[in-house]
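Written below as structure tokens is the structure these notes are about.
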Amino acid sequence: MYTDLEDRLTKKYYREIVEKALAQAKEEYEQFPSNPMNISFYHQLLDIKKTVIDDNVVYTEDEAYKKYPMALMVVRNFLGDEANTEYAYMLQDIVWGISLYPAMIEKIELIKQKLFDGDEEECLKEVFEIENQKIKLIDFYNNPLRGLKKEIGAKGFNTLIKESKFSLINSFIEKYVSENGLEINYLTKNEAIYLFSYGEYQPGRYMLFLEGICLKKLFTKNERS
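Here the sequence shown is numbered in the working numbering, starting from 14 and rising by one per residue.
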């Protein structure tokens, strides 16, 4: 079953879609070389791979749809079952994702990573570099996870909680903790959500973990224009 790009909005997945669509376009082009649509799809995909992925050319949404009309061609020419194929979905997703590609993170990080273990005053002085972003404890210390619900909505928030291993330990003030019992805090930066767990693990011993990184859009899922 095909996974829509908006459900896995990362550069890694976008490249996978382009490569898969390009392979199919090449096969159809070689099989039916006189079909103008096959020729057009193949050359558009080649150009997207070169300009958007390899050369990092930035396009607005309008520019992308004008330069690469294959999404519109699919809507106008693919009928019946053909319109609901993985190939049709990929071609439309590829054009839709062109303007979003520069801002996508490389991949969704859900692997826990220890950032600090020691005295709290030392942790306050540390600068952590994560996904090319410089982040300090004070950037998210007063952002308990419950506040994220206002940014992504209750439905998206519930999805995030289900996919994590966080536990609700106080329903009155809605406090969430990690498997280590440390409170979860968050930071939104460049459309990404950074999830941290922090607190006093043992008397005088403070620990900080990066619990994961995910795109805000994965949980807000705006309708396509």
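C-beta atoms are modelled at their ideal positions from N, C-alpha and C, and glycine is treated no differently.
query	result
DSSP-derived helix/strand/coil call for LEU113	coil
One or two residues paired with CYS227 in a DSSP bridge	ILE206
Pairwise C-alpha distance: LYS24 and PHE153	26 Å
Pick from VAL140, PHE179, THR201, LEU18 that is closest to LYS163, judged by C-alpha positions	THR201
Alpha-carbon spacing of PHE45 relative to HIS56, whole angstroms	14 Å
Run of the beta strand (DSSP E) containing GLY131, from where it starts to where it stops	126-131
Close Cβ partners of GLU76 (< 8 Å) along its chain, the five nearest in sequence each way excluded	SER112
Rounded straight-line distance, which links the Cα of TYR114 to that of LYS147	22 Å
Bridge partner(s) assigned by DSSP for SER180	VAL190
Residues near GLY110 in its chain [Cβ-Cβ closer than 6 Å; skip 5 each side]	LEU18, TYR27
Residues that GLY212 bridges to, as DSSP identifies them	MET220
Residues sharing a beta bridge with LYS147, DSSP	GLU142
Of the residues ARG218, GLN37, LYS178, the one placed nearest GLU135, counting alpha carbons only	ARG218
Whole-Å CB distance - TYR72 paired with LYS80, under 8 Å assumed	7 Å
Cβ neighbours of VAL70 in the same chain (closer than 6 Å, five flanking residues each side left out)	THR64
Same chain only: Cβ atoms within 7 Å of VAL140, ignoring 5 sequence neighbours per side	LYS147, LYS149
Start and end residues, alpha helix (DSSP H) containing ASN51	49-61
The stretch 183-199 in contact with the stretch 85-93 per 3-pair CB rule at 8 Å	no
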